[in-house]
Amino acid sequence: MKKKLGTIRENGFLYVFEHFIDAHRAALIALLALLAIAFPYTPVADRSTQRIVTMILLYAMLGMGLNVLTGYAGMVSLGHAGFYGIGAYCCALLTTRLNFSFWPALLLAGCLAALVGFLLGLPSLRLSGTYLSIVTLGFCEIVQMVLKQWDSVTNGNYGIRNIPKPELFGHQFNLQNGGFYQIILALSVLTALGCLAIKRSKYGRAFQAIRDDELAAGMMGVRTARYKILAFVISAFITGVAGGFYSVINNGYIEPNNFVFNVSVLIISVVVVGGLGTIRGMFFGAALLQLFPQVFPQVFRFLNEWRFVIYGVLLVAAMRFRPQGALGWQSTLPYPLSRRTREELAHRSVLPGGEKGATP
Amino acid sequence: MQTFLGAVINGLALGMAYALIAVGYSMVFGVLRLINFSHGAVYAFGAYMVFFFVSLKLGLLASILLSVVISGLLAMLVDKVALEPLRKKKSIPIATLITTIGVSFIIQNVLSIEYVFGSERRAFPSTNLFANLSIGNITIQSSQIIMLIVAVLLLGVLTFLVQGTKVGLAMRAIEQNRKAAHLAGINVDLVISFTFFIGGACAAIAGALIGGYYGVINPGMGSTIGLKAFAAAVVGGIGVLHGAVVGGLVVGVVECVAAQYLGSNVRDPMAFVILILILILKPNGLFGKKGITKV
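Residue numbers (this note's numbering), protein chains in the order written: chain A, 1118 to 1477; chain B, 5 to 299.
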């Protein structure tokens, strides 16, 4: 049967690599988890490294949020900085003005962003493709305007100062003790698991059906209107929570200029450069795009002024030579059938023994 | 009343310049269905080229003409180097979008490198070439009058180009169906290059006009105005030439009036408020053609 697999080369690098990872999945995950948890206690974790790693994980989380909308449901948003800003301001205002603790404020920040996401999702029923992207771009600008203009609440251009650091049972989380890193690690892992669960559920399949062909999905009985709005809500929720977290790590200070169009561009670059529709790609894309401006000027000191030029060249080259994203390969693993399907197939003796599709 | 009229006249002049930039977005979108985010950077580049040639003592008019040609060529180059390969590979639209954003990063940051032009503002030669016009209490600067006249003339020429010439016919044919246009013997690549050239040239003229009106330029000047002009193009109906003009005027007037009465913070986002309202009420813009989904 293996001969029938067509274009998949069984001695190809990707095939060997993916099957190796699949075979040793548990061990590799344990190793990765150990490394991730031990990181703040290792000697390499000084202040600047911690800050960079925290930003990488934050952008990976933002990427995963946008990925639900763009990678799964196929709607391109150029305004995620708007949700990011809403989350950050909501969390900051709740903790500074109403003396909320950080954790419920974080949750409420996500919920408020999700509510706005619901509202922004409504035009998606009438608009599609490029026009929808344009509306999201306008949304981001309007959030900017509200943040700058609504002086009595947001303090206008001056921003919000003295945002308290998160605490849990008297333990304060900050940059020095690795607390920020621990929070964002937990958040991004939770997000990744959530995204994985969504992708493999009925909802994820509906999103992907809409992405591939909205009309056909509708004909097959997918309620496209409902799922498109749901994609917006989930995406906005994740982005809002990420924004809430950002409000505490930025030296306790946020201002409207933290959430401009360029941030939206950075988020979408993470998604596309990493690999649209994948989760590994979000971490890779975030690492690449965050590390580049940090590491590059230290290595090539004389090219410091050129770094954003080279950043642009990087984006152009990435799209030219690898438009599916750095890690956006087509999986060579057999399609993960659900247990019920496998049992059914084994029952009809199509699959031998019903074991986890080792021999497709 | 007088301040209101003043704001409206301000807005009309600025709106015509927006229309010139919007035309670039609109024509490229018409032919390729692509938002060309590098257009704002080409506009800034155009203004800087004028600045550069003026500093070589070439005279304002000659500088503008040179800058128009060079900016048009730059826009063409962007298409040839970055966008055409993606078209040939039939890659996903979002890849092309990111590419144009990358290109705008490149142009804008090359301009702000220290020994190119530097990131600080530069004084731009004023286009107040004759005495200001006063009607009652309202003063209209001559740079505004020039802006209005030049833009109206240019947009007239462009309309003739698209509606009355063979190249324009080819553009409209490509807009309707690129493959069929190719089969009919139209050199599609050439026409697309030409479209980019015209867009870049118009952006350079707009750069000179707006730069001359404000008297300063900086490398980031293209990003905000680019987005606003783009909003204007969509408001009027992207892909439609007279739509870009109406859109530009609407955006220009509304933002000047809003800035007058609500404070300068609302100035820039006003374009997007109009944009979202229009898109929700009339998804294809004021004059946009209704898209038909074919199965």
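For every residue, glycine included, the Cβ atom is placed at its ideal position computed from N, Cα and C.
| query | result |
| --- | --- |
| Can you tell me where the beta strand (DSSP E) holding Thr143/B begins and where it ends? | Ile142 to Ile144 |
| What does DSSP give as the partner residue(s) for Leu1285/A in the beta ladder? | His1288/A |
| Note down the Cα distance separating Phe234/B from His246/B, rounded to an integer number of angstroms. | 14 angstroms |
| Rounded to whole angstroms, what's the CA-CA distance from Ile98/B to Gln1441/A? Just pull it up for me. | 10 angstroms |
| Specify the secondary structure class of Leu137/B as computed by DSSP and reduced to three states. | strand |
| List the residues of chain A whose Cβ lies closer than 7 angstroms to the Cβ of Ile96/B, in chain order. | Pro1440 |
| Can you grab the Cα-Cα spacing for the pair Ala1221/A / Gly1199/A, in whole Å? | Inspection of the sequence shows that residue 1221/A is occupied by Pro rather than by Ala. Their Cα atoms are separated by approximately 21 angstroms. |
| Could you tell me whether the Cβ atoms of Gln1415/A and Ile1169/A are closer together than 8 angstroms? | no |
| Exposed or buried, what is Thr169/B when buried is set at 16 or more other beta-carbons lying within 10 Å of its beta-carbon? | exposed |
| Looking only at its chain, what residues have a beta carbon closer than 7 angstroms to the beta carbon of Gly1398/A, apart from the 5 residues adjacent to it on each side? | Gly1391, Gly1392, Gly1442, Ala1443, Leu1444 and Gly1445 |
| Taking only the alpha-carbon atoms, compute the straight-line gap between Thr1171/A and Gly122/B and give it to the nearest angstrom. | 33 angstroms |
| Would a C-beta distance cut-off of 8 angstroms place Leu290/B and Val250/B closer than the cut-off? | yes |
| Mind checking who Val220/B pairs with in its DSSP beta bridge? | Ala127/B |
| Taking a Cβ distance cut-off of 8 angstroms, strictly less, list which residues of the region 98 to 110 of chain B are near chain A, in chain order. | Ile98, Ala99, Thr100, Leu101, Ile102, Thr103, Ile105, Gly106, Val107, Ser108, Phe109 and Ile110 |
| Please name the residue, chosen from Phe57/B, Ser71/B and Ala11/B, that lies closest to Phe201/B on a Cα-to-Cα basis. | Ser71/B |
| Can you tell me whether Gln1293/A is buried or exposed, with buried defined as 16 or more other CB within 10 angstroms of its CB? | exposed |
| Just list the alpha helix (DSSP H) runs in the region 1215 to 1259 of chain A, keeping only unbroken ones of 4 residues or longer that don't cross its boundaries, in chain order. | 1219 to 1238 |
| Return the residue from the list Leu187/B, Val32/B and Val161/B that minimises the CA-CA distance to Thr199/B. | Val32/B |
| How would you label Met1181/A, buried or exposed, when you count the other beta carbons within 10 angstroms and need 16 or more for buried? | buried |
| Within the same chain, show all residues whose beta-carbon is closer than 8 angstroms to that of Lys84/B, passing over the 5 residues directly before and after it, in chain order. | Ser197 |
| Would you please verify whether the beta carbon of Ser1386/A is less than 8 angstroms from any beta carbon of chain B? | yes |
| Could you tell me the alpha carbon to alpha carbon distance between Glu118/B and Leu65/B, rounded to whole angstroms? | 27 angstroms |
| Could you tell me whether any Cβ in chain B is nearer than 8 angstroms to the Cβ of Gly1429/A? | yes |
| Going by Cα to Cα distance, which pick from Ile1301/A, Val1263/A, Cys1312/A and Ala1326/A is closest to Ile1203/A? | Val1263/A |
| For the alpha helix (DSSP H) that contains Thr1341/A, what are its first and last residues? | Thr1341 to Ile1366 |
| Which value, in whole angstroms, describes the spacing of the CA atoms of Lys94/B and Thr100/B? | 10 angstroms |
| Indicate whether Tyr1206/A and Thr1449/A have their beta-carbon atoms separated by less than 8 angstroms. | no |
| Compute the distance between the beta-carbons of Ile1385/A and Leu1195/A, then report whether it is under 8 angstroms. | yes |
| Cα separation between Gly224/B and Ile1146/A? | 45 angstroms |
| Can you check which of these residues, Ser42/B, Gly106/B, Leu283/B and His43/B, is closest to Gly240/B by C-alpha distance? | Leu283/B |
| Flag Leu283/B as yes if its beta-carbon sits less than 8 angstroms from any beta-carbon of chain A, otherwise no. | yes |
| How would you write the range of the alpha helix (DSSP H) that His246/B sits in, first residue to last? | Leu245 to Leu266 |
| Should Arg125/B be flagged as near chain A, meaning a C-beta pair shorter than 8 angstroms? | no |
| Hey, how far is the Cα of Ala21/B from the Cα of Asn288/B? | 23 angstroms |
| From Arg1164/A to Cys1257/A, what distance separates their C-alpha atoms? | 32 angstroms |
| Just to confirm before moving on: does the CB-CB distance between Val1350/A and Gly1234/A stay below 8 angstroms? | yes |
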